[in-house]
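Before any comments, here is the structure.
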């Protein structure tokens with residue numbers, strides 16, 4: 001029954017239809033549905049292939065037709081799909097152009113097909129769309145993404161038994177209860193990604209025993225009320241961006257934590273953040289010690305890699321605090337802003353620690369300073385301190401970004417810095433200094 | 001080991017090679033670490049112990065010819081080095097796949113038979129980019145596909161769905177919903193005046209109590225962010241927004257016919273979705289309002305929710321039934337390997 005497409009000895013041979021079906025389906029899965037359907041008219045072998053594509057991507061903007069409504073097209077294509085497993089359905093639609101009934105129909109069809117990954121993006125001019133409750137009840141759904149003009153309204157008793165990944169991008173919530181109900185209905189949730197502006201909820205309570213990965217990006221307008229309560233005992237990876245001016249941010253202890261990134265957190269009245277992260281192995285902080293409570297006395301007993309951003313007020317004090325509390329630190333990276341004249345905040349009142357931190361003496365192997373175009377005297381003191389005291393240091397890298405127009409004064413200063421640092425007596429015999437320059441060219 | 005030490009040791013190190021034979025009979029050798037980057041070769045070496053000498057060369061699948069093999073090994077040679085940054089790899093990949101479509105197809109096929117997934121993904125994405133947004137004529141030309149379907153056959157795929165029992169079920173449900181909603185609207189229009197009054201009183205009260213400013217502010221800022229998000233995603237269309245404004249100005253739904261025409265002319269046409277007979281789904285004017293106001297009261301919403309869930313259940317059982325009839329007896333593998341099913345000419 002196999003049909004051979006080769007014309008024999010022609011130069012213009014059809015190479016693509018020869019590919020295995022699974023591979024062609026993989027290629028078609030990368031296309032929006034409109035293009036997939038049009039392959040049905042290409043040639044004989046392609047007539048039915050489009051129906052087997054396991055990933056459907058409906059793009060509202062490009063799916064307009066004179067003859068049918070968008071809803072009709074979606075329903076028809078969903079029902080025509082005969083893939084043995086419907087792996088993913090990405091659907092966007094516009095409020096006001098599609099009835100709630102239609103949307104309910106699509107969801108019903110998708111769930112009846114046991115879709116694994118569902119992503120719904122709602123476009124609107126003014127109003128949010130409330131999905132029927134049937135959206136939050138499915139035994140087989142593994143990943144759900146809701147984006148934009150969505151009003152999440154979840155009564156208690158919903159069940160998304162197999163859901164492992166949940167992503168909510170700038171959605172609205174009817175009330176705080178709704179969010180709690182939704183999370184309670186996901187007993188196997190492992191990955192939660194939230195992009196939001198906190199005024200959507202007074203208190204964002206994330207209490208998920210099974211949660212392993214949490215990312216929260218909060219773009220709020222620094223209103224000064226509301227906050228987060230995070231209780232995720234199995235948490236392994238945490239990312240927090242932009243908690244500004246909140247009443248509270250409370251994180252319960254996360255003993256399984258492997259990696260945490262905390263950026264741009266400030267002005268929180270009631271804050272319990274760093275002290276719950278003491279089990280972490282890799283930490284990235286863009287924080288000022290003035291804005292956050294440093295848990296003095298706590299030890300980051302497993303911390304191996306630390307990244308500190310140097311554009312925050314008194315970052316150098318945070319550096320010292322972290323060095324003192326991280327006994328087995330091996331990798332230290334200081335990261336300046338990539339653009340602008342001053343990549344980092346110039347140090348003022350640098351006081352050498354009274355006792356050399358243990359990690360410098362026994363563990364630190366890699367030191368990196370990224371974006372150190374201009375190192376002032378105090379900054380050089382920090383570098384020298386590290387070089388002078390790190391017995392195990394293998395490599396110290398200083399990288400800077402230079403722009404196309406090179407300032408000769410700049411070059412001279414840089415050479416001087418290189419010489420100065422090279423001449424420091426290093427504690428470690430095998431320590432190499434590396435100076436990197438990344439040329440940043442402006443695309444015209 | 002520092003680089004200095006490595007330089008001294010290298011010439012003395014015995015490099016191992018793997019021997020490979022392509023379908024045309026030619027045999028070549030490749031450095032071990034490069035060849036082992038391909039799972040299929042790795043498997044042959046470990047499980048069958050072949051490849052260590054010329055006489056025991058590994059036979060490669062038919063879809064791998066010497067030219068493609070050489071390309072693949074260039075790819076492997078670059079990527080098997082551990083120290084490269086993600087950016088470096090990306091830049092290399094982008095340069096690597098710049099080739100004519102014929103070679104790209106050959107490369108995809110060869111990489112698939114060697115089970116080299118990263119390269120398969122890379123080439124698949126490249127092929128998808130070539131196909132996306134093109135008309136069937138253009139695609140046929142690029143890939144040299146024969147235009148061997150009759151006009152009737154070209155319309156066939158979507159035509160057949162008319163007989164689908166699920167489509168009929170859907171149609172019936174749509175008709176029922178429309179009727180219900182129409183009835184509710186008739187009832188509602190009687191009460192409309194009162195509703196409007198109540199709401200305005202509520203608004204006034206909450207404003208007086210001072211709760212509004214916060215609500216108003218957040219909705220404004222949200223809109224700002226969402227507009228930003230929309231624009232970032234490229235989903236807002238200048239012409240669409242202008243049309244929306246027009247729609248807002250028109251109050252009554254009876255203006256639907258005009259609006260539909262405007263909509264159609266404003267937005268693009270789907271080139272190859274053939275027109276269906278209109279009796280399957282209701283004719284435009286009745287069904288499609290310009291701007292559908294979905295402010296259904298909660299009781300009706302509950303009812304709709306339940307209906308939809310019920311529909312889904314019925315759909316599920318009829319899907320299970322129909323699976324037995326429609327599924328073809330041939331088995332095919334979902335993951336790519338050399339023996340998976342090829343395209344056949346029939347449905």
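Chains as they are written, first to last, in UniProt numbering: chain A, 1 to 444; chain B, 1 to 347. Think of the CB as a built atom: it goes at the ideal place given N, C-alpha and C, for glycine as much as any other residue. Computed from a predicted model, the values in this text were never measured in an experiment.
For residue 150 of chain B, decide whether its Cβ has a neighbour in chain A, counting only Cβ atoms nearer than 8 Å. Translated into the one-based positions of the second chain, residue 150 of chain B becomes position 150. It does not: the Cβ of residue 150 of chain B has no partner Cβ on chain A nearer than 8 Å.
Neighbour flag for residue 308 of chain A against chain B, beta carbons, 8 Å: Translated into the one-based positions of the first chain, residue 308 of chain A becomes position 308. Closer than 8 Å: no.
For residue 90 of chain A, which three-state DSSP category applies? In the first chain, the residue the question calls residue 90 of chain A occupies position 90. The answer is strand: DSSP assigns residue 90 of chain A an E or B state.
Mind listing the chain A neighbours of residue 38 of chain B? Cutoff is C-beta to C-beta under 7 Å, in chain order. Here residue 38 of chain B corresponds to residue number 38 of the second chain, with the count starting at 1. Those do not exist, as residue 38 of chain B stays about 16 Å from chain A at its closest Cβ, beyond 7 Å.
Would you kindly check if the distance between the Cβ of residue 112 of chain B and the Cβ of residue 23 of chain A is under 8 Å? Along the first chain, one-based indexing puts residue 23 of chain A at 23. Along the second chain, one-based indexing puts residue 112 of chain B at 112. Cβ atoms of residue 23 of chain A and residue 112 of chain B: closer than 8 Å.
Who are the near neighbours of residue 36 of chain B in its chain, counting only those whose CB is closer than 6 Å to its CB and skipping five residues on each side? Along the second chain, one-based indexing puts residue 36 of chain B at 36. Around residue 36 of chain B: 42.
Straight-line gap, residue 18 of chain A to residue 262 of chain A (C-alpha atoms, nearest Å): Position 18 of the first chain, counted from the first residue, corresponds to residue 18 of chain A. Position 262 of the first chain, counted from the first residue, corresponds to residue 262 of chain A. Cα-Cα distance, rounded: 50 Å.
When the Cα atoms are used, what is the spatial distance from residue 154 of chain A to residue 79 of chain A? As a first step, residue 154 of chain A is located in the first chain; it is residue number 154 there, counting from the start. As a first step, residue 79 of chain A is located in the first chain; it is residue number 79 there, counting from the start. Answer to the nearest angstrom: the Cα atoms are 28 Å apart.
Around the Cβ of residue 27 of chain B, are there at least 16 other Cβ atoms within 10 angstroms (buried) or fewer (exposed)? On the second chain, position 27 is the one that residue 27 of chain B refers to. Exposed.
Can you list, in chain order, the residues of its chain whose CB lies under 7 Å from that of residue 445 of chain A, leaving out five sequence neighbours each side? Beyond the ends of chain A as shown, which are 1 and 444, falls residue 445 of chain A; an answer cannot be given.
Check the DSSP bridge columns for residue 118 of chain A and list the partner residues they point to. Reading the first chain from its first residue, position 118 is the one you call residue 118 of chain A. DSSP output for residue 118 of chain A lists A:89 and A:144 as bridge partner(s).
Can you tell me which of B:109, B:132 and B:135 puts its alpha carbon nearest to the alpha carbon of residue 123 of chain B? Walking along the second chain from the start, residue 123 of chain B turns up at place 123. If we check each option's Cα against that of residue 123 of chain B, B:109 comes out closest.
CB residue 163 of chain A to CB residue 189 of chain A, shorter than 8 Å? By one-based count along the first chain, residue 163 of chain A stands at place 163. By one-based count along the first chain, residue 189 of chain A stands at place 189. A contact, by the Cβ cut-off of 8 Å.
If you measure between the beta carbons of residue 103 of chain A and residue 131 of chain A, is that distance less than 8 Å? Translated into the one-based positions of the first chain, residue 103 of chain A becomes position 103. Translated into the one-based positions of the first chain, residue 131 of chain A becomes position 131. Yes. Within cutoff.
Taking C-beta pairs closer than 7 Å, name the residues in chain B that residue 42 of chain A reaches, listed in chain order. Walking along the first chain from the start, residue 42 of chain A turns up at place 42. What residue 42 of chain A touches in chain B: 136, 139, 140 and 145.
Collapsed DSSP secondary structure at residue 348 of chain B in the structure displayed: Summary: the structure shown does not reach residue 348 of chain B, with chain B confined to residues 1 through 347, and so no result is reported for it.
Quick check on residue 124 of chain A: does DSSP put it in helix, strand or coil? Numbered from 1 along the first chain, position 124 holds the residue referred to as residue 124 of chain A. Residue 124 of chain A falls in the coil class under three-state DSSP.
Just grab the DSSP bridge partners of residue 98 of chain A for me. By one-based count along the first chain, residue 98 of chain A stands at place 98. Answer is A:95.
Using the beta-carbon of each residue, which ones in chain B are nearer than 7 Å to residue 175 of chain A? The residue labelled residue 175 of chain A in the question sits at position 175 within the first chain. By Cβ distance, chain B contributes nothing, its closest Cβ being about 13 Å from residue 175 of chain A, past 7 Å.
Just the C-alpha distance for residue 84 of chain A and residue 52 of chain A, rounded to the nearest angstrom, thanks. For the purposes of this step, residue 84 of chain A is taken as the residue at position 84 of the first chain. For the purposes of this step, residue 52 of chain A is taken as the residue at position 52 of the first chain. Taking the straight line from one Cα to the other gives about 7 Å.
Helix, strand or coil for residue 99 of chain B, going by three-state DSSP, please let me know. Position 99 of the second chain, counting from 1, holds the residue named residue 99 of chain B. It is coil, neither helix nor strand.
With 8 Å set as the bound, which would you pick, yes or no: does the beta-carbon of residue 157 of chain A sit closer than that to a beta-carbon of chain B? The residue you call residue 157 of chain A lines up with position 157 of the first chain. For residue 157 of chain A, the answer is no, since every Cβ of chain B falls outside 8 Å of its Cβ.
Using the C-alpha atoms, what's the distance from residue 351 of chain A back to residue 256 of chain A? As a working note, residue 256 of chain A is residue 256 in the first chain. As a working note, residue 351 of chain A is residue 351 in the first chain. C-alpha separation (whole angstroms): 35 Å.
Where does residue 317 of chain A fall in DSSP's three states? On the first chain, position 317 is the one that residue 317 of chain A refers to. The answer is helix: DSSP assigns residue 317 of chain A an H, G or I state.
Whole angstroms is fine: what's the gap from residue 286 of chain B's alpha carbon to residue 111 of chain A's? Walking along the second chain from the start, residue 286 of chain B turns up at place 286. Walking along the first chain from the start, residue 111 of chain A turns up at place 111. Residue placement at residue 286 of chain B is flagged as unreliable, the pLDDT there being 33, under the threshold of 50; the coordinate-derived value follows with that caveat. Spanning the two alpha carbons is a distance of roughly 29 Å.
Among the candidates A:270, A:209 and A:274, whose CA atom is the shortest distance from the CA of residue 240 of chain A? Position 240 of the first chain, counting from 1, holds the residue named residue 240 of chain A. Of the listed residues, the one whose Cα sits closest to residue 240 of chain A is A:274.
Exposed or buried, what is residue 98 of chain B when buried is set at 16 or more other beta-carbons lying within 10 Å of its beta-carbon? Along the second chain, read from residue 1 onward, the residue named residue 98 of chain B stands at position 98. Result: exposed.
Roughly how many whole angstroms lie between the Cα atoms of residue 153 of chain B and residue 131 of chain B? Along the second chain, read from residue 1 onward, the residue named residue 153 of chain B stands at position 153. Along the second chain, read from residue 1 onward, the residue named residue 131 of chain B stands at position 131. Roughly 22 Å between the two C-alpha positions.
Between which two residues does the beta strand (DSSP E) harbouring residue 230 of chain A extend? Position 230 of the first chain, counting from 1, holds the residue named residue 230 of chain A. Unbroken beta strand (DSSP E) run through residue 230 of chain A: 227-231.
With 8 Å as the threshold, decide whether the Cβ of residue 84 of chain B is near any Cβ in chain A. Numbered from its first residue, the second chain carries residue 84 of chain B at position 84. No, its Cβ sits nowhere closer than 8 Å to a Cβ of chain A.
Indicate whether residue 93 of chain A and residue 73 of chain A have their beta-carbon atoms separated by less than 8 Å. Working through the first chain from its first residue, we reach residue 93 of chain A at position 93. Working through the first chain from its first residue, we reach residue 73 of chain A at position 73. Not a contact, by the Cβ cut-off of 8 Å.
Going along chain A in order, which residues have a C-beta closer than 7 Å to the C-beta of residue 71 of chain B? Numbered from 1 along the second chain, position 71 holds the residue referred to as residue 71 of chain B. Within 7 Å Cβ-Cβ: nothing; residue 71 of chain B doesn't reach chain A, min ~15 Å.
Helix, strand or coil at residue 333 of chain A [DSSP, three-state]: The residue you call residue 333 of chain A lines up with position 333 of the first chain. Residue state, collapsed to three classes: strand.
Compare the C-beta of residue 106 of chain B with all C-beta atoms of chain A and state if any pair is closer than 8 Å. Taking the first residue of the second chain as 1, we reach residue 106 of chain B at position 106. Chain A, which has a Cβ nearer than 8 Å to the Cβ of residue 106 of chain B, makes this yes.
Contacting residues, own chain, Cβ-Cβ under 6 Å from residue 231 of chain A (five flanking each side not counted): Residue mapping note: residue 231 of chain A aligns to position 231 of the first chain, counting from 1. So the qualifying residues of the chain are 207 and 252.
Taking the alpha-carbon of residue 227 of chain A as reference, which of A:238, A:242 and A:249 has the nearest alpha-carbon? In the first chain, counting from the first residue as 1, residue 227 of chain A sits at position 227. When only C-alpha atoms are compared, the closest one is A:249.
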